[in-house]
Amino acid sequence: MSSQIHITALYFASAKDATGRRKESIKLPEGTTIRELLLKITSIHPRITNILNTMQISVNYKVVVVDTILKEADEVALLPPVSGG
0 MSSQIHITAL YFASAKDATG RRKESIKLPE GTTIRELLLK ITSIHPRITN ILNTMQISVN
60 YKVVVVDTIL KEADEVALLP PVSGG
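The opening position of the sequence shown corresponds to residue 0 in numbering that gives the first Met the number 0, with each subsequent residue numbered one higher.
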């Protein structure tokens with residue numbers, strides 16, 4: 000039996016609109032990567048699928064790659080592109 004971890008997913012702008020939430024707690028198997036988390040999020044919130052490829056992902060305020068392994072109590076933020084002027 001594998002151990003479970005709990006992470007908090009934070010949604011901003013278009014991700015918040017697609018999920019209808021600002022944040023949620025998600026339970027995952029230990030050793031889960033960002034890529035696997037994104038698959039889980041799209042299974043929970045299918046509307047987010049079309050915008051995921053435009054987002055940066057951060058874990059505990061650091062931008063990460065999709066192969067990053069998550070740990071207990073990580074905060075994962077889905078960050079939309081930022082434009083300025």
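Cβ atoms here follow ideal geometry from the backbone N, Cα and C, with glycine treated the same way.
For residue i and residue j, what's the separation of their Cα atoms in angstroms?
i	j	result
PRO80	GLN55	7 Å
ILE4	ILE33	13 Å
PHE11	SER1	31 Å
So, helix, strand or coil for residue i, using DSSP?
i	result
LEU27	strand
LEU78	strand
Please list, in chain order, all residues of the same chain as residue i whose beta carbon is under 8 Å from its beta carbon, the five residues on each side excluded.
i	result
THR48	THR41
For the alpha helix (DSSP H) that residue i lies in, which residues bound it at each end?
i	result
THR41	33-43
ALA17	13-18
So what does residue i bridge to, in DSSP terms?
i	result
THR7	SER24 and GLU74
So, at 6 Å on beta carbons, what are the nonlocal neighbours of residue i in its own chain, with the 5 sequence-adjacent residues on each side left out?
i	result
VAL65	ILE33 and ARG34
LEU27	ILE4
Could you give the residue range of the beta strand (DSSP E) that holds residue i?
i	result
VAL58	55-58
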